[in-house]
Amino acid sequence: MSRILATEPVIAYFSMEVGLEPSMPTYSGGLGVLAGDTLRAAADLGVPMVGVTLLHRKGYFRQHLDAYGNQSESPAIWTPEDVLTPVPAHVTVTVEGRRVHVHGWQYTIHGLSGHAVPVYFLDTLLPENAPWDQTLTDSLYGGDERYRLAQEVVLGFGGVALLRALGYESVRCYHMNEGHASFLTLALLEELAGGRGLRAISGAEKEAIRRQCVFTTHTPVPAGHDKFPLDLVRQVLGEERASFLEENGCCLDGELNMTYLGLVFSHYINGVAMRHGEISQNMFPHYPVNSITNGVHAVTWTSPPFASLYDRHIPEWRWDNLYLRYAVGIPLEEIRQAHEEAKKNLLTEVERRTGVRLDPAVMTIGFARRATAYKRADLLFSDLSRLREIVRTAGPMQVLYAGKAHPRDESGKILIRRVFEAASALADTMKVIYLEEYDMELARYLVAGVDLWLNTPQKPHEASGTSGMKAALNGVPSLSVLDGWWIEGHVEGVTGWSIGESWELESDPSKEVASLYEKLERVILPMFYHRPEEYLRVMRSAIALNGSFFNAQRMLRQYMHNAYGMG
Ligand SMILES: *Cc1c(COP(=O)(O)O)cnc(C)c1O
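Its first residue numbered 0, the sequence shown is counted upward by one per residue in numbering that gives the first Met the number 0.
In structure tokens form, the structure reads like this:
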């Protein structure tokens with residue numbers, strides 16, 4: 000219906016990773032899926048937004064797990080030409096004093112009523128580039144510091160240049176999805192300075208850039224914020240830019256901090272859940288930090304059986320996710336049937352992938368997310384004899400795992416092996432399956448088809464978490480540590496269950512393990528096996544209370560209202 004005109008003021012959304020389609024391995028986890036969900040919501044709501052990211056010809060990586068859970072990796076090669084169209088724009092950026100040529104590809108998201116949101120993928124695979132420069136848009140989060148810094152130059156400087164080359168003169172707002180994109184601020188400052196150079200930029204001019212920029216931070220873990228040694232910054236960006244970054248408060252202890260750069264030149268800054276906003280405010284006391292809690296794209300993450308259930312009872316849900324609140328009126332029997340079908344679809348897919356047949360009558364627990372230390376994938380297996388006793392007295396369980404460890408994250412890889420070890424130690428008690436190659440496609444099966452979504456992050460490290468929101472849209476309650484979004488989404492025994500208590504600000508693993516086992520043994524398994532109607536009520540409340548709020552429509556409206564200055 001409506002197309003974005005290059006002359007219309009747009010929101011330019013910059014993200015190092017974007018999850019658009021299962022066939023495009025251009026994301027690694029929650030951050031990229033969130034970017035995709037945000038852009039999909041913009042298309043549905045008719046918001047004039049454009050996305051900017053890198054092409055990642057070799058993707059993140061393909062994950063291979065041997066019989067012991069040892070992970071190996073290979074490039075996730077795909078064919079951009081099959082899904083993207085080239086755009087008539089060619090720009091250059093400067094890396095280590097060399098001109099690097101960049102061209103772009105377009106993917107178009109069509110919203111519910113036809114509104115189109117373009118996503119531009121920057122690509123340096125051009126014959127006029129030196130061999131190393133040609134690889135800069137190959138691997139997501141691959142390579143060394145120098146490679147990563149050069150990639151961020153391509154994203155920030157190349158992204159702004161490409162938008163100009165495509166005719167986007169009037170941009171209402173530049174939204175940085177995490178610090179990887181912060182160089183866009185420097186690109187805007189240089190554009191404003193024209194031939195005068197960065198040194199000549201006035202305070203009022205900096206303020207003008209600030210008014211156009213929005214920064215979202217995604218992790219409360221200091222190590223998760225991109226930093227680069229200043230010597231490297233000098234080498235890659237040159238003396239003038241490096242000095243400017245130093246003089247403008249973007250560096251600390253001889254390092255450029257990409258989060259500081261984003262903070263310094265943004266007028267609106269936010270964390271991605273209430274608690275994360277508070278923690279970020281304490282980390283960055285000199286800047287006002289707000290919260291906008293993440294949400295997921297409801298139509299993308301609702302499984303076919305639940306989508307047709309909602310279509311029958313609350314057909315408005317696709318256009319206005321708030322109507323999911325009316326799920327309170329859906330008969331429990333129909334929730335049961337829809338879930339039975341989603342579970343069957345999942346178990347069929349598991350059998351197709353692994354040859355293992357799971358029992359549809361058994362309580363099935365799901366745990367899938369990036370395999371990294373703070374997510375504690377092995378917490379469930381802290382006490383195997385206790386777990387055996389729970390199964391004996393309260394009823395059977397089976398567990399499905401999935402998740403990739405970053406190729407250099409040794410502790411993440413150890414976690415995967417520990418799940419494999421527990422799986423074989425528990426072979427007499429319960430089936431535990433670790434599925435390879437976690438991606439959006441597998442996520443869609445898992446979040447809909449299990450009976451319980453488990454989340455055990457170490458507090459307060461989970462900024463938001465979004466997979467539990469996807470589960471809620473499919474009536475799957477969470478059993479989770481009270482961190483990230485769950486602090487807001489949790490109503491005990493109504494939308495799911497907590498592990499530990501809300502007033503504990505930091506994790507106490509022994510208390511959490513005790514709580515996890517007690518909830519399974521005394522509350523969840525007895526309800527699931529002996530009071531199924533009560534369990535269905537929890538499922539229905541998860542949809543009505545959490546599906547109606549933790550969605551990308553609500554999130555995007557909050558960004559429009561609070562950050563983009565759009566009504
Ligand atoms: C939603 C999603 C995530 C994020 O999961 P969290 O539990 O929020 O960490 C990661 N990977 C994929 C493929 C997803 O779909």
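Where a beta carbon is used, it is the ideal one built from N, C-alpha and C, also for glycine. None of these values were measured; they are calculated from a predicted model.
Query raised in the report: Which word fits M0, buried or exposed, when buried means at least 16 other C-beta atoms lie within 10 angstroms of its C-beta?
Result: Unreliable placement is indicated for M0, whose pLDDT of 39 sits below 50; the coordinate value is still reported in the next sentence. Classification for M0: exposed.
Query - Classification of E511 by the beta-carbon crowding that lies within 10 angstroms, buried from 16 upward - result: buried
Query raised in the report: By the 10 Å Cβ neighbour count, where 16 or more other Cβ atoms means buried, how is N69 classified, buried or exposed?
Result: exposed
Query raised in the report: With DSSP run on the structure shown, which of helix, strand or coil describes K518?
Result: helix
Requested in this report: In angstroms with no decimal places, state the Cα-to-Cα distance between G50 and D310.
Outcome: 30 Å
**Report entry** Endpoints, the beta strand (DSSP E) within which L139 is located
**Finding:** Note, L139: premise wrong, no beta strand (DSSP E); not H, not E.
Query raised in the report: When DSSP builds the beta bridges, which residues end up paired with P228?
Result: E254
Query - Contact under 8 Å by Cβ, V19 with Y106 - result: For the sequence presented, residue 19 should be read as Leu rather than Val. In contact: L19 and Y106 (Cβ atoms closer than 8 Å).
Requested in this report: Rounded to whole angstroms, what's the CA-CA distance from W452 to S479? Just pull it up for me.
Outcome: 8 Å
Query raised in the report: Does DSSP put T299 in a helix, a strand or coil?
Result: helix
Query raised in the report: Does ligand 1 have even one heavy atom less than 7 Å from the beta-carbon of S569?
Result: This structure cannot speak to residue 569, because the chain is shown only from 0 to 566.
Query raised in the report: Looking only at C-alpha atoms, which of L535, F243 and R147 sits nearest to P330?
Result: L535
Query raised in the report: Does DSSP put Q234 in a helix, a strand or coil?
Result: Looking at Q234 - three-state DSSP - the assignment turns out to be helix.
Query raised in the report: Contact between the stretch 331 to 342 and the stretch 374 to 394: three or more CB pairs below 8 Å?
Result: Fewer than three pairs of CB atoms, one per stretch, sit closer than 8 Å, so the stretch 331 to 342 makes no contact with the stretch 374 to 394.
Report task. Let me know if R391 comes out buried or exposed under the rule of 16 or more other beta-carbons within 10 Å of its beta-carbon. Result -> Around the beta carbon of R391, a 10 Å sphere encloses fewer than 16 other beta carbons of the protein chains shown; the residue is thus reported as exposed.
Report task. Taking P476 as the reference, give the member of Y167, W104 and G546 with the closest Cα. Result -> G546
Report task. Consult DSSP for P219 and reduce its assignment to one of helix, strand or coil. Result -> coil
Requested in this report: Work out the CA separation of V92 and R98 for me, nearest whole Å.
Outcome: R98 and V92: Cα-Cα distance of roughly 6 Å.
**Report entry** Which listed residue (V82, R56, H179 and I291) has its alpha carbon closest to that of N256
**Finding:** Selection V82, R56, H179 and I291 evaluated against N256 yields H179 as nearest (Cα-Cα).
Requested in this report: Go ahead and label P314 buried or exposed: buried means 16 or more other beta carbons lie within 10 angstroms of its beta carbon, across all protein chains shown.
Outcome: exposed
Requested in this report: Counting only the same chain and skipping the five closest in sequence on each side, list residues whose C-beta sits under 7 Å from that of M23.
Outcome: W77 and V82
Report task. Evaluate R530 with the Cβ neighbour count: other Cβ atoms within 10 Å of its Cβ, from every protein chain shown; 16 or more gives buried, anything less gives exposed. Result -> exposed
Query raised in the report: At a cut of 8 Å, does the stretch 393 to 411 reach the stretch 494 to 501 through at least three beta carbon pairs?
Result: no
**Report entry** First through last residue of the beta strand (DSSP E) which encompasses I108
**Finding:** R97 to H109
Query raised in the report: From L30 to A551, what distance separates their C-alpha atoms?
Result: If you draw a straight line from the Cα of L30 to the Cα of A551, it comes to about 13 Å.
Requested in this report: Kindly indicate which three-state DSSP category E7 falls into: helix, strand or coil?
Outcome: coil
Query raised in the report: For the stretch 111 to 172, which segments carrying the beta strand (DSSP E) assignment without a break, of at least 3 residues, lie completely within its bounds, in sequence order?
Result: Secondary structure in the stretch 111 to 172: the beta strand (DSSP E) runs of 3 residues or longer, each lying completely within the stretch, are 115 to 122 in chain order.
**Report entry** Inter-residue spacing [alpha-carbon to alpha-carbon] between L33 and R317
**Finding:** 18 Å
Query raised in the report: Just to confirm, does M396 get its C-beta within under 7 Å of one of the non-hydrogen atoms of ligand 2?
Result: Among the ligands modelled here, namely ligand 1, ligand 2 does not occur.
**Report entry** Reference V17, options S73, P117, H63 and G110, closest by Cα
**Finding:** The option with the nearest alpha carbon to V17 is P117.
Query raised in the report: Over what stretch of residues does the alpha helix (DSSP H) that includes G31 continue unbroken?
Result: From DSSP, the alpha helix (DSSP H) with G31 extends over G29 to L44.
Report task. Compute the beta-carbon to beta-carbon distance between H89 and H100, rounded to the nearest angstrom, for a pair I have assumed lies under 8 Å. Result -> 7 Å
Query raised in the report: Under the DSSP definition of a beta bridge, which residues are partnered with Y433?
Result: DSSP output for Y433 lists Y400 as bridge partner(s).
Report task. Could you name each continuous beta strand (DSSP E) segment of 3 residues or more that falls completely within the stretch 326 to 396, going from the start of the chain to the end? Result -> 362 to 367
Requested in this report: Have a look at the DSSP bridge pairing and note the partners of M175.
Outcome: F13 and F214
Query raised in the report: Can you find a heavy atom of ligand 1 that lies under 7 Å from the Cβ of M15?
Result: When distances are taken from the beta-carbon of M15 to the heavy atoms of ligand 1, even the shortest one reaches 7 Å or more.
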